[in-house]
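Position 169, counted from 1, in the sequence shown is what my numbering calls 156; the numbers after and before it change by one each time, with no gaps.
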Amino acid sequence: MIRLEQQLLAGNQELAEENRAWLAQRDILALNLLSSPGAGKTTLLERTIRDLGHDLTIQVIEGDQATDRDARRIAALGCRAVQINTGSGCHLDAGMVRRGLERLDPSSGAVVLIENVGNLVCPALFDLGEQAKVVVCSVTKGEDKPIKYPHMFRAASLLLLSKIDLLPHVDFNLDEFRGFVAEVNPRLPVMPLSARGGEGLAAWYGWLHAQRTHEVRA
Ligand SMILES: Nc1nc2c(ncn2[C@@H]2O[C@H](COP(=O)(O)OP(=O)(O)O)[C@@H](O)[C@H]2O)c(=O)[nH]1
Ligand SMILES: [Mg+2]
């Protein structure tokens, strides 16, 4: 079992490096968005496209086990999007993303946002060739997810704490959450935000622009 898993991950890593080179040649920034189901990834993508779409060419790869609902939500904004369905699979892998990129055919200089299958476990293991993993955690899910699913929080470069407009209505202790994050990954920045009300979005947009600049210079 362990050898099979090692072979699988080594094969994925090779494809991920090919994706990374392919993206770099085209000067494309790709980010991998991860969360449990329903944390608000697609809503955040919609809002980001509405707010930054005039400035950045944003294109999207959507991953779900079934349906093209999310890709249709993105396409409704006039943004290019492709849906990947994983069937019984619980994560996107680099081969799926390569085929997704071929279908998407992103423009040079674009930002490709990849919404992974909703799952805090398996997607952490699979490099897709992205520049960075962004984990989204919602205030409705409790403070303890970072210590329960530490691999995801160690693999991520940024944590977006979503739905903070709901803080007055849920039992969620922000200080305790920050403490749990620091326990598993002290270098992980935490940005609380609401895609609904707009609070905190400026920090996320600033981070996105900084990644873009870094990618261009790299
Ligand atoms: N109150 C509130 N609800 C949100 C926010 N973002 C998303 N939602 C809701 O959360 C649910 C799941 O959102 P969705 O974007 O589909 O999550 P995904 O599965 O991570 O893509 C939907 O009912 C959204 O309307 C937010 O900032 N505030
Ligand atoms: Mg979604």
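We put the CB at the ideal spot given by N, CA and C, even for glycine.
Item                                                                                                                                                                        : Value
With distance defined between alpha-carbon atoms, name the residue in 193, 70 and 73 nearest to residue 39.                                                                 : 193
For residue 137, collect the residues of the same chain with a Cβ closer than 6 Å to its Cβ; drop the 5 residues on either side in sequence, then sort them by chain order. : 171
In terms of DSSP beta bridges, what is residue 71 paired with?                                                                                                              : 50
Hey, how far is the Cα of residue 181 from the Cα of residue 55?                                                                                                            : 24 Å
Report the CB separation of residue 145 from residue 179 in whole angstroms; it is logged as a contact under 8 Å.                                                           : At roughly 12 Å, the Cβ-Cβ gap does not stay under 8 Å, so residue 145 and residue 179 are not in contact.
Check whether the Cβ of residue 55 sits closer than 7 Å to any heavy atom of ligand 2, and report yes or no.                                                                : no
Buried or exposed, going by whether 16 or more other CB atoms sit within 10 Å of the CB of residue 232?                                                                     : As shown, the chain starts at -12 and ends at 205. That puts residue 232 outside it, with no answer to give.
Just reading off the beta strand (DSSP E) that residue 4 is part of, what are its end residues?                                                                             : First-last for residue 4: -11 to 12, but that is the alpha helix (DSSP H), not the beta strand (DSSP E).
What does the Cβ neighbour count give for residue 77, buried or exposed, with the cut at 16 atoms within 10 Å?                                                              : exposed
Would you report the Cα separation of residue 107 and residue 12, rounded to the nearest angstrom?                                                                          : 31 Å
Spatial neighbours of residue -10 within its chain, please: CB distance less than 7 Å, with the 5 preceding and 5 following residues excluded, ordered by chain position.   : none
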